[in-house]
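Chains as they are written, first to last, in our numbering: chain E, 13 to 123; chain C, 801 to 913.
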């Protein structure tokens, strides 16, 4: 059973600080990794995708991938109250092309 | 911009009714997906479709069926709605297998009474 694990939280971070969200996955052959943000009552929206080891930056967001450790993370710099949401990690394996979803981490940014 | 639309944001149905949830995407995507999302259980895949008239069962297909007669439209059917099918239903689309992210519709919150 292929799995994606996330700490459910809530993770509470002061406004202006760095929020660090983590995700581990079981399928060593996984090739594509995605971070989605989901506000309460809304559908998930893509924040970032990452496909190769290392860091990928987009504005205040940085995704980090370490395939050897089967670990992907999302850093949010200068956290804002509007970043308060549930963050979903999704991983695509190399065998069935479906996305395997983590259960999400609830992030709360305290003003 | 990719747009995925769903026929209803909120729906209330009675036990035993046949329920149709419609999803339309406007970007010529090959793949389409139906998920349900429940508190504490995350996103669970019900059915997906690689292309027109093709369908594959996901993790929880029992009690559901799907139809994809046209590329842009993917319908989820609850043959006889039950209270345990009360949930948020999310449709998504993707360009093709192994390529890029999934784009989600706004969701349908279905309540079965």
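Beta carbons: idealized from backbone N, C-alpha and C, even for Gly.
Bear in mind that the values here come from a model prediction, so they are computed numbers and not experimental data.
| Query | Result |
| --- | --- |
| Does the contact criterion of 3 or more C-beta pairs under 8 Å hold for the region 72–83 of chain E versus the region 806–817 of chain C? | no |
| Rounded to a whole number of angstroms, what is the C-alpha to C-alpha distance between residue 69 (chain E) and residue 882 (chain C)? | 45 Å |
| Could you pull the start and end residues of the beta strand (DSSP E) that residue 887 (chain C) belongs to? | 887–894 |
| Got a sec: is the Cβ-Cβ distance from residue 56 (chain E) to anything in chain C below 8 Å? | yes |
| Under the rule that 16 or more other beta-carbon atoms within 10 Å means buried, what is residue 92 (chain E), buried or exposed? | exposed |
| Given that residue 906 (chain C) touches chain E, what residues does it touch there, using C-beta distances under 7 Å? | 55 |
| In the DSSP assignment, what residue or residues form a beta bridge with residue 842 (chain C)? | C:838 |
| Do residue 86 (chain E) and residue 113 (chain E) have their beta-carbon atoms positioned less than 8 Å apart in this structure? | no |
| Thinking C-alpha only, which one of C:866, C:820, C:847 and C:865 is nearest residue 857 (chain C)? | C:847 |
| Rounded to a whole number of angstroms, what is the C-alpha to C-alpha distance between residue 913 (chain C) and residue 905 (chain C)? | 24 Å |
| Candidates E:72, E:54 and E:51: which alpha carbon is nearest residue 60 (chain E)'s? | E:72 |
| Going by C-alpha to C-alpha distance, which of E:17, E:26, E:44 and E:58 sits closest to residue 892 (chain C)? | E:58 |
| On the DSSP letters alone, give me the boundaries of the beta strand (DSSP E) that residue 98 (chain E) sits inside. | 97–104 |
| Is residue 34 (chain E) helix, strand or coil by DSSP? | strand |
| Give me the subset of the region 879–913 of chain C whose CB atoms are less than 7 Å from a CB atom of chain E, sorted by chain position. | 890, 897, 898, 901, 902, 904, 905, 906 and 907 |
| Quick one: list the residues of chain E neighbouring residue 845 (chain C), beta-carbon separation under 7 Å, in chain order. | 110 |
| In whole angstroms, what separates the C-alpha of residue 915 (chain C) from that of residue 62 (chain E)? | Within the shown structure, residues of chain C are numbered from 801 to 913, placing residue 915 (chain C) beyond reach of any answer. |
| From residue 852 (chain C) to residue 869 (chain C), what does the alpha carbon distance come to, in whole angstroms? | 6 Å |
| Exposed or buried, residue 56 (chain E), counting other C-beta atoms within 10 Å across all chains shown (16 or more means buried)? | buried |
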